[in-house]
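My numbering puts the sequence shown at residues 82 to 358. In what follows, a structure is listed as structure tokens, so that the remarks can point back to it.
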Amino acid sequence: MPELPEVETVRAQLSSKIRGKKIKSAQKFHPRTMNPRTEHNLDAVIGAQIIEVRRRGKYMWFELNRPFALVAHLGMSGQFYVQPVKDPRQKHLRGLFELKTATSSPISLRFLDQRTFGWLSVEQLHDGIPTSALHIAPDQFDSRFNAQAVIENYRRRRIQIKTALLNQEIMSGVGNIYADEALWKAKIKPTKLTNKLSEKELQKILAATKAVMSAALKAGGTSFDTQYRNVNGESGYFERRLRVYGRDGLACVRCRTKIKKIAFANRHSHFCPKCQR
Ligand SMILES: [Zn+2]
């Protein structure tokens with residue numbers, strides 16, 4: 082599942098490739114392409130100019146010269162490609178936009194999604210944020226992020242630290258993989274309750290989530306499965322640097338104890354039973 086570093090990698094690449102271009106046509110090819118909560122039909126974006134590509138947590142949107150934006154969520158397997166209009170249509174093509182430029186020949190923006198948990202929508206902006214992303218808190222790379230408020234929020238609760246890190250309404254951007262990596266780095270057990278953590282420990286955890294995601298961003302994201310490809314069809318390289326995620330049964334690189342995998346929600350947590358307390 083794409084997490085913040087992957088979505089940010091896609092956003093930055095899309096921005097450099099399509100910013101300033103005008104949407105000439107918009108088509109959808111699957112009944113689930115559009116989120117049922119869309120506020121306008123997809124046709125509303127035709128004729129609009131793409132001002133910028135923005136993101137909050139894992140929500141991405143194309144800011145237009147309109148009061149509404151084209152919003153996209155990659156879900157489990159969503160991908161965007163920018164390629165020549167004449168290229169054959171891919172099997173999992175869900176959305177197709179023809180973009181025109183003043184100087185070069187038209188190009189196509191394509192939304193592909195094999196597992197169809199991703200979606201598009203056209204939504205009003207409220208202070209620059211689309212309706213569906215209003216409940217999402219800023220991430221650690223956002224100028225509006227307030228670390229102290231997040232720490233205080235965690236300390237008021239009595240939930241597992243991993244559950245807290247994944248709650249996108251307190252702090253966004255941290256998903257399953259980077260939560261495991263950050264908690265390993267901070268030497269904190271994923272099941273530890275937030276009210277039992279000191280302010281210092283929480284500061285250490287937030288420093289770890291930011292460090293892990295920054296490293297992944299630099300590597301162009303993690304291609305934890307074959308679904309994730311950036312806009313150029315390349316996979317990220319960060320998986321080579323994962324220290325704990327997916328390493329169950331292997332030796333912890335810090336203390337050589339076997340990494341453990343336990344059930345967490347409908348997924349798993351990976352941790353070192355010796356150095357994470
Ligand atoms: Zn260890």
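Think of the CB as a built atom: it goes at the ideal place given N, C-alpha and C, for glycine as much as any other residue. None of these values were measured; they are calculated from a predicted model.
Under the criterion of a Cβ to heavy atom distance below 7 Å, does residue i qualify as lining ligand 1?
i: Lys355; result: yes
i: Thr338; result: yes
i: Arg335; result: yes
For residue i, name the three-state secondary structure that DSSP assigns.
i: Ala129; result: coil
i: Tyr259; result: helix
i: Asp306; result: Confidence at Asp306 is low in this model, with a pLDDT of 45, below 50, so its placement is unreliable and the value that follows should be read with caution. The answer is coil: DSSP assigns Asp306 none of H, G, I, E or B.
i: Lys277; result: helix
i: Arg170; result: coil
i: Gln284; result: helix
i: Val163; result: strand
i: Asp220; result: strand
i: Arg322; result: helix
i: Leu201; result: strand
Take residue i as the anchor and find which of the options has the nearest alpha-carbon.
i: Val163; options: Val152, Ser189, Leu201 and Lys139; result: Ser189
i: Gln195; options: Arg175, Thr184, Leu201 and Arg225; result: Arg175
i: Val293; options: Lys266, Arg358, Lys270 and Leu274; result: Lys266
i: Ser158; options: Met82, Ile217, Gln241 and Leu201; result: Met82
i: Gln241; options: Gly256, Leu278 and Gln229; result: Leu278
i: His216; options: Lys243, Asn248, Glu233 and Trp200; result: Asn248
i: Glu233; options: Val126, Met252 and Gly327; result: Met252
Residue range of the alpha helix (DSSP H) that residue i falls in?
i: Ile340; result: Here Ile340 belongs to no alpha helix (DSSP H), and DSSP marks it neither H nor E.
i: Ser96; result: Leu85 to Ile99
i: Ile242; result: Ile242 to Leu247
i: Ala230; result: Ala228 to Arg237
Quick one: measure Cβ to Cβ for residue i and residue j, integer angstroms, because I've assumed they're closer than 8 Å.
i: Thr197; j: Arg113; result: 5 Å
i: Phe192; j: Ile104; result: About 13 Å; that fails the 8 Å criterion.
i: Leu85; j: Gly254; result: 4 Å
i: Leu283; j: Arg236; result: 7 Å
Would you kindly report the start and end of the unbroken beta strand (DSSP E) that includes residue i?
i: Ile188; result: Ile188 to Asp194
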